[in-house]
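Q:
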Amino acid sequence: MNSIYEVIKKPCLTEKGMGLQESFNQVVVEVDRRANKVEIKAAVEKLFKVKVDKVRTAAIHGKQKRVGRHTGQTSNWKKAIVSLTEGHKIDFVEGI
Numbered sequence: 014m015n016s017i018y019e020v021i022k023k024p025c026l027t028e029k030g031m032g033l034q035e036s037f038n039q040v041v042v043e044v045d046r047r048a049n050k051v052e053i054k055a056a057v058e059k060l061f062k063v064k065v066d067k068v069r070t071a072a073i074h075g076k077q078k079r080v081g082r083h084t085g086q087t088s089n090w091k092k093a094i095v096s097l098t099e100g101h102k103i104d105f106v107e108g109i
């Protein structure tokens, strides 16, 4: 990957992601499907200026969708669960 902005696409702001952030100091982000754990760790540390403990990844398969008689499929994507070290924190929903 060339840029940290190509590796990390957006945060996953779900109930499970917020629970992980509050309970275990972990952050869930959507990443590029070709990115590996080393690239994800480096991108998160550089972009948010935090120290990363470990990274877990999961490949999510697209769902079948239907609109009327037409069927299709959503895109496959990859998410990363990033564990931060003690004392470091990322807050995506500060101003809300």
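Numbering (my numbering), first residue to last: 14 to 109.
Virtual Cβ for every residue (Gly too), placed ideally from N, Cα, C.
#1: If you run the structure through DSSP and keep just helix, strand and coil, what is lysine 129?
#2: Is it the case that the segment 24-44 contacts the segment 93-106, given that we only count it when at least three CB pairs across the two stretches are under 8 angstroms?
#3: Count the CB pairs spanning the segment 65-73 and the segment 43-55 that are closer than 8 angstroms, and state whether there are at least three.
#4: Suppose you measure from the CA of glycine 30 to the CA of lysine 22; what does that come to, to the nearest Å?
#5: Within the segment 22-76, note down every full beta strand (DSSP E) run reaching 3 residues or more, in order along the chain.
A: Result, derived from the coordinates:
#1: Lying outside 14 to 109, the shown extent of the chain, residue 129 is not represented and no answer is given.
#2: yes
#3: yes
#4: 16 angstroms
#5: 39-44, 65-73
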